[in-house]
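Undergrad: Just so we're aligned: 35 in the UniProt record's numbering is position 35 of the sequence shown, and the numbers increase by one with no gaps anywhere.
Cβ coordinates follow ideal geometry from the N, Cα and C atoms, glycine included.
On a predicted model such as this, the values are computed, not experimentally measured, just so you know.
I have a structure I would like to understand better, so I am pasting it below and will then ask my questions one at a time.
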Amino acid sequence: MGRTLDTLIAWTPELAAGFLMNIVISLGAMALGTAIGMLVGLGRNSSRDWLRRSCWGVTQFLRNTPSLVLLFYLAYMLPYEVQLAGMTIPLPGWLKAVIGLSMPVIGFMSDNVYGAIRNIHTDQWDAAAALPLSHYQTMTSVILPQATPMLLPPWMSYFAVIVMASSTASMVGVKEILSSATVAMESVSDPALVIPMYFYVLCWFFVFCYPFSHITRWFERRRWR
């Protein structure tokens, strides 16, 4: 037991560096997915029928496709580098992981934006039309400011989900906490280390993600006061 504990402590800096990559990937995926997902959600509320149908189709596809499949697909479809304006721009594995994990976020945010907008009382739409405001002005000045507080609690919860899902990035060659744990076990070559090491990795995710459940409930209570 003492030897196992010493090994875990010795590898903690390496695991911490790997977990930092998990957080970077998760933040990148949430940022990219949130930006695109909000646009898709707004498109589902468009007055143009073709745009509504297209955004609905994108949402359904991304909501019902496993993130791991998307991650593998993008990892092998995207090149290792691209040529742009005479420059060679590398596409590292972590960037592919960000793009892959942002896909389910797009579907999630689209559904939430669409639902939040639909939850705004019709009186708000009628008041904006009476001013009169354009559809763009109504959205940006009246509807979205009221819908945004509804989006924050589920966004926080889904961020924790994406942090946990970021462990799949190890399968496409990204050096995050799970791959760092695998390297540690291969280096030590001690079968007794397997269960403690994976439990240690589990604790990292739990300690980071558990507070988000309390933060989410706090936002929910504050919103309904």
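Measure the C-alpha to C-alpha separation of L101 and A130 and round it to an integer number of angstroms.
TA: 42 Å
Undergrad: Run through DSSP, which three-state label would K78 get?
TA: Note that residue 78 is Leu in the sequence shown, not Lys. DSSP places L78 in coil when its eight states are reduced to three.
Undergrad: Can you name, in chain order, every residue of its own chain whose Cβ lies under 8 Å from the Cβ of L71, other than the five neighbours on each side?
TA: K96, A97, G100, L101, T168, A169, M171 and V172
Undergrad: Going by the DSSP bridge assignment, what does W89 pair with across the sheet?
TA: According to the sequence shown, residue 89 is Ile rather than Trp. Answer is V82, bridged to I89.
Undergrad: Of all the options Y198, E186, D123 and W218, which has the alpha carbon lying nearest to the alpha carbon of M156?
TA: W218
Undergrad: Going straight from the alpha carbon of V40 to that of Y73, what length do you get?
TA: 22 Å
Undergrad: Examine the Cβ distances between the segment 145-163 and the segment 27-37 and report whether three or more of them are shorter than 8 Å.
TA: yes
Undergrad: On the three-pair Cβ rule with 8 Å, is the segment 41-50 touching the segment 107-120?
TA: yes
Undergrad: Answer with buried or exposed for L84, where buried requires no fewer than 16 other C-beta atoms within 10 angstroms of its C-beta.
TA: In this structure L84 is exposed. Its beta-carbon is surrounded by fewer than 16 other beta-carbon atoms within 10 angstroms.
Undergrad: To the nearest angstrom, how far is the alpha carbon of I195 from that of T59?
TA: 39 Å
Undergrad: Please name the residue in Y80, Q137, R52 and G93 whose C-alpha comes closest to that of S110.
TA: For the options Y80, Q137, R52 and G93, the alpha carbon positioned closest to that of S110 is the one of R52.
Undergrad: Rounded to the nearest angstrom, what separates F208 and E176 at their Cα positions?
TA: 15 Å
Undergrad: Considering only the beta carbon of each residue, do F212 and Y158 sit closer than 7 Å?
TA: no
Undergrad: Considering only residues of the same chain and omitting the five flanking positions on each side of L152, which have a CB-CB separation below 7 Å?
TA: F219
Undergrad: Could you check whether the segment 139-154 touches the segment 119-130, counting it as contact only if at least three pairs of C-beta atoms, one from each stretch, sit closer than 8 Å?
TA: The answer is yes - the segment 119-130 touches the segment 139-154, with three or more Cβ pairs under 8 Å.
Undergrad: Which same chain residues, not among the five before or five after L62, have their C-beta less than 7 Å away from its C-beta?
TA: M103, P104, I106 and G107
Undergrad: Is it true that the CB of T7 sits closer than 7 Å to the CB of V201?
TA: no
Undergrad: Considering only residues of the same chain and omitting the five flanking positions on each side of C55, which have a CB-CB separation below 6 Å?
TA: V40, G43 and R44, listed in sequence order.
Undergrad: Over what stretch of residues does the alpha helix (DSSP H) that includes I177 continue unbroken?
TA: I177 -> alpha helix (DSSP H) spans I177 to V188.
Undergrad: Short of 8 Å in beta carbon distance, which residues of its chain neighbour L15, apart from the five on each side in sequence? Order them along the chain.
TA: I177, S180, A181, A184, Y200, V201 and W204
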